[in-house]
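Chains A and B, in that order, give the protein sequences.
Taking our numbering, I'd label the letters of the first sequence as residues 8 to 201.
Taking our numbering, I'd label the letters of the second sequence as residues 257 to 793.
Where a beta carbon is used, it is the ideal one built from N, C-alpha and C, also for glycine.
Data block below; observations after.
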Amino acid sequence: MKTDIVLAGVGGQGILSIAATIGMAALHSNLQLKQSEVHGMSQRGGAVQSHMRVSNKEIASDLIPMGAADIILSVEPMESLRYLPFLSNDGWLVTNSTPFINIGNYPNIDDVIAEIKKFKNHIIIDADKIVGEFGSKRSSNIVMLGAASPFFNIPFESFEEGIRKIFGRKGDDVVETNLKALRAGREFTEKNRS
Amino acid sequence: MQKLLLLGDEAIAQGALDAGMSGIYAYPGTPSTEITEYVQASKFAKENNIHSMWSANEKTAMESALGMSYAGKRAMVCMKHVGLNVAADAFINASITGANGGLIVVAADDPSMHSSQNEQDSRFYAKFAMIPILEPVNQQEAYEMAYYGFELSEKFKLPVMIRITTRLAHSRAGVKPLPLRKQNEITLPSDLRQFVLLPAIARRNYKGLLNSQAGLEQESEKSKFNTYFDGKDKSLGIITTGIAYNYLMENFQDKPLDFPVLKICQYPIPRTQVMKMVKECKKILVIEEGYPIVEEMLKGYQESGTPVVGRLDGTLPRDGELNPNIVALALGFDTKTDDRIPEIVKNRPPSMCTGCGHIDAYVALGQALSEYSEGRVFSDIGCYTLGALPPYNAINSCVDMGASITMAKGAADAGLIPAVAVIGDSTFTHSGMTGLIDCVTEKSPVTIIISDNFTTGMTGGQDSKALGKIEDICIGIGVHPDHIKVFKPTKKNMDEMVQVIKEELAYNGVSVIIPRRQCIQTMKNKILVDKVKELGL
């Protein structure tokens, strides 16, 4: 049982916090893991990605082959499309709908959303709005993770445990907020997946 | 023991700590930075007094590590591939002095140039220096190679290179640690002239180095990191080096691999194993992350014997990082090659942060230069290199650490007056100061802008050796105090900045202009904020 995930976003949006939580969840489920990150120049507001591979068997490559990813999990809508060549035909594209505009020629957001909808398995979620309902903007990445969680071969309890491990040092309130965010994301997907 | 979830970089650091390392030396450089940062953050390292402060540049780092080795303790020095160019003098000569305490040089290469100006392969340097290379295939090997590397270094009394590439450096996986070893006590070399490279001694040491080659090769032959997997289909033999092995295996997850495979992760190349494959197989495919070094050695110029294919004949691309699909194509497998993305997706290159002081400095410089012809700004390595991109289009060169000042000098020598250099504070103390001496000696008509943000920004905000010292350094080197100008780069100060730069551009001699404002990415670094306040900057 293997899950290959491409995490996408813009440098500074914190996709590595999602990666860290998946990592903890995988460890809690006794799974093997390889996670390739982008450091350095691209972190200055450029397009960034992280390849994450979770499996119950030994994993060979740190990079996911093209056409083989089970999930693209993007915290920015245009960035979700940049990695489409990696997604398998029956994979899931899960993306936040709020654009991050730091370039002059950013396309019309409605056109971006329409392009995403061309791919049959998609979840488009306004994570920032959902997070607004319980008041911590920082947790929007965890809403995204929750929204993608049904497509992982990892039990949901392991994600909850991952949250407790990653945020435990910051106190019970932070853990609780992020658990709420995780569950809210998951609920959204369960309601909206076709 | 419980597995640790570590980046390749961090695995090397943890391996070195567990192997009884006494000090790590480095200048930040992607993708090597996290090795030293891991030791800096380690409670164990602090409690055991393990050195981990940043060095001024890779050469001073290499020399300090060599000094620690002289004193009998285990030392590691880490750098990105181009950093090894800076350290090369010390590095090559360290193979002639030899080591005393275990000495590991980590070179982190960057194929596909994710964050670099070239994709040179550090294995050539180690071959040049005739020292062993360890090239891990995964995070576990990275850990074990740091651990074993000190042993190997102490056994042969030679420095050992660990060579990694970006992909492993910045990929995380589980690592199982080994038992902790104690640090060495101070023990000087038995021959106190071993490190004195006078010709008579260097000639003797060099013969010793030559004589040790056979032993190093034997070590590779029996190394657990080199493995020969035999296979019944001898129509093809496959040699992989380092992480290329992973991309090969990725292509055989759901089918049997019947070709013989030689996985090389320790050099010199295990000759007996290579020759077995050459003799038994009809054709050899060499898959390497980096330059085709093994392929070239096998193929030679005569191109006789068993055909060898790889990067040189186009079976694999000549440049860039490998991946599973590229290797699939080389094996003749059906693979997805269509990497087109929807047209609506626009490029999103890295850029300077909103509110960055470098931006205001560039805007002011652009206005001040508007009365001169184009093409006179020489820049350097750092965040401000991004001034090359639109909308700024502000610089005309970026070559190597410190080259801004000396290239401006050379251009001024040629008659391009005024010539401008733009360099950051940390890059200035890394390699800019010596160039400034050349300018001062000849009173060259150059305007040097040291854009001071109190940090090494591009690599993530590490300490800058220049903090609070730039004016003193410039005066000490001989720049006239009247031509050292400091201002705070903000929109509000724009008119004043433009005026100051204009005056200095018109001056027929060396000027240093220091736009000074803290990097906005470091505003949460309380130690730095307090230090800046204390220094009155």
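- Judged by their CB atoms, V101 (chain A) and I22 (chain A) are not nearer to each other than the 8 Å cut-off.
- Between D616 (chain B) and T703 (chain B) a beta carbon distance of about 17 Å is seen, past the 8 Å cut, so the two are scored as non-contacting.
- Looking only at B:G717, B:K532, B:C730, the smallest Cα-Cα distance to W310 (chain B) is reached by B:G717.
- The residue among A:L14, A:K9, A:T28 with its C-alpha nearest the C-alpha of V182 (chain A) is A:T28.
- Q296 (chain B) has a beta carbon lying at 8 Å or more from every beta carbon in chain A.
- For P771 (chain B), the enclosing beta strand (DSSP E) covers residues 767-771.
- A check of alpha carbon separations from F107 (chain A) across A:D97, A:S87, A:L91, A:S95 identifies A:S87 as the nearest.
- Against chain A, the CB of R604 (chain B) has a partner CB under 8 Å away; the residue lies at that interface.
- T715 (chain B) is positioned such that its CB atom lies closer than 8 Å to that of G285 (chain B).
- Annotation for V119 (chain A): P84, M85, L88, P106 place their beta carbon closer than 8 Å to its own, counting only its chain and skipping 5 residues before and after.
- Take S36 (chain A), set aside five residues on each side of it, and the residues of its chain with a beta-carbon closer than 7 Å to its own are I161, P162, S165, in chain order.
- Taking 8 Å as the threshold, the shortest C-beta distance from M85 (chain A) to chain B falls below it.
- At least one C-beta of chain B is nearer than 8 Å to the C-beta of E44 (chain A).
- Against chain B, a Cβ distance below 9 Å from L40 (chain A) picks out L261, R428, A429, G430.
- Nearest in C-alpha terms to A429 (chain B), of all of B:A267, B:Y628, B:C695, is B:A267.
- Rounded to whole angstroms, the separation of the alpha carbons of S372 (chain B) and Q755 (chain B) is 35 Å.
- Cβ-Cβ distances below 8 Å link T690 (chain B) to G658 in the same chain, with the five nearest sequence neighbours on each side left out; the list follows chain order.
- C654 (chain B) does not reach chain A, its nearest Cβ partner there being about 12 Å away, counting only Cβ pairs nearer than 7 Å.
- Below the 8 Å Cβ cutoff, chain A contributes S43, D69, L70 as neighbours of R423 (chain B), in chain order.
- Of the candidates B:Y283, B:K315, B:T316, B:G279, the residue whose Cα lies closest to the Cα of S298 (chain B) is B:G279.
- Neighbours of C639 (chain B) across chain A, judged by C-beta separation under 7 Å: R51.
- Excluding five sequence positions before and after N185 (chain A), the CB atoms of its chain that fall closer than 7 Å to its own CB belong to S146, I149, I170, F174, given in chain order.
- One alpha carbon belongs to A677 (chain B), the other to N652 (chain B), and they sit about 10 Å apart.
- Shown here for N507 (chain B): same chain residues with a beta carbon closer than 7 Å to its own, the five before and five after excluded, namely P580, V583, A584, L587, F589 in chain order.
- If you draw a straight line from the Cα of H307 (chain B) to the Cα of S560 (chain B), it comes to about 52 Å.
- Not a single C-beta of chain B is nearer than 8 Å to the C-beta of I170 (chain A).
- Going by C-alpha positions, I389 (chain B) is about 13 Å away from E397 (chain B).
- By a beta-carbon distance limit of 8 Å, Q450 (chain B) contacts T353 (chain B). Their separation comes to about 6 Å.
- Of all alpha-carbon atoms in B:Q623, B:Q522, B:D656, B:H370, the one lying nearest the alpha-carbon of V338 (chain B) is that of B:D656.
- If one requires a minimum length of 3 residues, the beta strand (DSSP E) runs lying completely within the region 707-780 of chain B are 740-743, 767-771, in chain order.
- When C-beta distances to chain A are compared with 8 Å, the residues of the region 363-387 of chain B below that value are H370, S371, in chain order.
- According to the DSSP assignment, Q39 (chain A) belongs to the beta strand (DSSP E) that extends over 39-43.
- Cα atoms of T422 (chain B) and G276 (chain B): separation of roughly 26 Å, rounded to the nearest angstrom.
- Interface residue (Cβ-Cβ distance to chain B less than 8 Å): R176 (chain A) is not classified as such.
- Under the Cβ criterion of 8 Å, L152 (chain A) is not counted among the residues facing chain B.
- D489 (chain B) sits in coil when the DSSP states are folded into three classes, being neither helix nor strand.
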